[in-house]
Amino acid sequence: MLLKGKELADKIVNKLQNEDTPPLNLAVFHPVGDGAAESYLKMKEKWLKKINASLRVYPVSSSTPLIKFYEQLDDVNNDPSVHGIMVELPLPIEVNYWNLHTKINPAKDVDGITFHNQGEFFATITEKIVPCTSVASIRLLEHYDIPLVGKHALVIGRSNIVGLPLFKLFLNRNATPTIAHRHTHDLKTLVSNSDVIAIAAGKKGLIKSSDVKDGATVIDIGINVGEDGNIHGDFDISSETEKERINYSPVPGGVGVVTNAVMLENLQKCYKIQSGQYQNRF
Ligand code: NAD
């Protein structure tokens, strides 16, 4: 089965459109001249329009003084007309990223990267503001009714915006997750023993479908620009027979489109937190 993202993304957006929320504003600190960041920015603008939200761009160039960057961040942290903040990385200035995680107002942290939000997520069973792509991966599995309880879930990649939170999301759903990274030995055996495999390494063709067992599900999170100029994932599946025996999400058209919808959802959650309407689950 092909796990396409569009239907789920539309469902998430429709739900958000029916919420009684004022027009929201998202502030984005944007690295000037970064081609990938330029396309992410256009994409954000396009998706924000779907819920009548606006983008405020704060360009950061190599000549932007660090102090100015932090002053602007402070301004948007305290500006009640800004409901969400995202910092597109890497920035062209020398920012200490761990320090950055303490500087964003947690109530506006659409990416879920602040220590406050990470701490709450990892120390409890709440899933308040969790990094968008990790949430999108789990939602895609749930949308297609892929069983998770008691299943062996392999997460390849341990970044704190994708792999690590995904590990915890699997744990919250009573799967048995394993996390692999670039120092992991014998990845092939881990892959062949897993029921669900989420690949977020950023290595085109890292995992071959022939190593995946029958009936297993692969969530391909990787984004790689190939020599052909096209976008490719981390999963290599081509033969029609393999497509029959494995469930997998395509790149593009899988996790990516759901990630954009979850970004809108996180923005709206931020608004609810700021306006005292968010109910914690614990
Ligand atoms: P990252 O570079 O921070 O992390 C990559 C991880 O992969 C690291 O933990 C590393 O140890 C692991 N890794 C690298 N090579 C490996 C190997 N050979 N075997 C096992 N593990 C290996 O990247 P990230 O920010 O987590 O993103 C990962 C991928 O997901 C990238 O391709 C990125 O573009 C993509 N991504 C997609 C979306 C989306 O919306 N679809 C969003 C964010 C990131």
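Those letters in the sequence shown? Residues 2 to 283, per the numbering used here, in order.
Ideal placement from N, C-alpha and C gives every residue a C-beta, glycine not left out.
Item: Simplified DSSP assignment, three categories, for residue 237; Value: strand
Item: Test item: CB-CB of residue 164 and residue 124 under 7 Å; Value: no
Item: Exposure label - residue 37; buried when at least 16 CB within 10 Å; Value: exposed
Item: Cα-Cα separation, residue 14 to residue 234; Value: 25 Å
Item: Proximity winner among 155, 162, 193, 261, relative to residue 176 (alpha-carbon distances); Value: 155
Item: Assumed close pair residue 157, residue 134 - CB separation to whole angstroms, cut-off 8 Å; Value: Actually they do not touch by this definition, with Cβ atoms about 14 Å apart.
Item: Any non-hydrogen atom of the ligand SAH closer than 6 Å to residue 134 Cβ; Value: The ligand SAH is absent from the structure shown, which contains only the ligand NAD.
Item: The beta strand (DSSP E) enclosing residue 140, as first and last residue numbers; Value: Not the beta strand (DSSP E): residue 140 falls in the alpha helix (DSSP H), residues 133-144.
Item: Residue 103 versus residue 84: straight-line alpha-carbon distance, rounded; Value: 18 Å
Item: Of the listed residues 204, 59, 241, nearest to residue 211 (C-alpha basis); Value: 241
Item: Closest Cα partner of residue 10 within the set 116, 263, 146; Value: 263
Item: Rounded distance between the beta-carbons of residue 191 and residue 199, thought under 8 Å; Value: About 12 Å; that fails the 8 Å criterion.
Item: Proximal residues to residue 33 (C-beta, below 6 Å), its chain only, five neighbours per side dropped; Value: 60, 62
Item: Residue 144: CB within 6 Å of a non-hydrogen atom of the ligand NAD; Value: no
Item: Residues sharing a beta bridge with residue 59, DSSP; Value: 30
Item: N- and C-terminal bounds of the alpha helix (DSSP H) containing residue 117; Value: 116-124
Item: Beta-carbon proximity check, residue 221 vs residue 250, cutoff 7 Å; Value: yes
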